[in-house]
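For what it's worth, full-length UniProt numbering labels the leading residue of the sequence shown as 1, then goes sequentially. Note that the Cβ used here is the ideal one computed from N, Cα and C, for glycine as well. Quick notes on the structure that follows.
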Amino acid sequence: MGRPARGQALLSRERIGAAALALVDEHGPEGLTMRALAERLGVKAASLYGHVQGKDQLLDLLSELVNDEIDLAPLEDSDWSRGLTAYAHGYRAVFLRHPNTIALLARRRVAAERALAGYDAVLALLARAGLAPEHAAEVAAVLDYLVLGSALETFTAGFTRPPAEYAPRFPSLATALGAATAGDTAPTDLDDRGFSLGLAYLLTGIEARASRADQGAGMLPS
């Protein structure tokens, strides 16, 4: 990262956050240290503490930056299914750009204003879809699992051999991989298709649960 232009403050929370995110993107969670951050910004490590009081506040800042990239506008769509679909794809796209942040942020408290606003908007949308508050909370959790899990893991990259090579010992695996990657379909597309399929199942489940709630049952069959 270059030095700021003449007259621009050498350090700010914005510059520190941007540098921290770049470090994590490039070097993974272990690359984010106060010393590495100071070196990237061209300052002494002690200078950072006037803006962030240590690693914990730095992670809060990182969370703010990443959540700021998530577009909440689709959650205002009058068609809740279309809105949730667009939001989920946008949410996933952010973490596909910054997959190394998941390990740092996924188990932290939710404190960033933008993140809290996002959860509030998701839950409001699910209420419009007809879910009771407790069921909406469950669905919001499932959405997190689906988005963050799919951004963190790539299914197809785990299978490095051509499908036929799996056939002698793992015939079902070979058949499924061969069928899923046949023709002009790129193997990496399977990850995107898997996410879309999981999301479609989730939307179907929301509709079914909301319908049962209208009928007074409220719960999906186990």
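Asked, Found
"To the nearest angstrom, how far is it from the Cα of LEU105 to the Cα of PHE155?", "22 Å"
"How many angstroms separate the CA atom of ALA200 from the CA atom of LEU125?", "16 Å"
"From this set, ALA112, ARG40 and ALA73, which residue's C-alpha is nearest VAL122's C-alpha?", "ALA73"
"Give the straight-line distance between the Cα atoms of GLY78 and SER150, rounded to the nearest whole angstrom.", "Reading off the sequence, residue 78 comes out as Ser, not Gly. Straight-line Cα distance between these residues: approximately 27 Å."
"Going by DSSP in three states, ASP71 sits in which element: helix, strand or coil?", "coil"
"Mapping the DSSP letters down to three states, classify ARG44 as helix, strand or coil.", "Checking the displayed sequence, the identity of residue 44 turns out to be Lys instead of Arg. Coil at LYS44, not helix or strand."
"Taking Cβ positions, are GLY31 and LEU21 nearer each other than 9 Å?", "no"
"If contacts are defined as beta-carbon pairs under 8 Å, then ILE70 and LEU37 qualify, I think. What distance do you get, rounded to the angstrom?", "The Cβ separation is near 24 Å, so there is no contact."
"Is it true that the CB of ALA112 sits closer than 9 Å to the CB of SER63?", "yes"
"By alpha-carbon positions, which one of GLY178, LEU152, ASP192 and ASP68 ends up nearest to ARG161?", "GLY178"
"By the 10 Å Cβ neighbour count, where 16 or more other Cβ atoms means buried, how is ALA164 classified, buried or exposed?", "exposed"
"Measure the CB-CB distance between VAL52 and ARG114 and report whether it falls below 9 Å.", "no"
"In whole angstroms, what separates the C-alpha of GLY205 from that of PHE159?", "30 Å"
"Quick one: using the 10 Å Cβ neighbour count with 16 as the cut-off for buried, is HIS27 buried or exposed?", "exposed"
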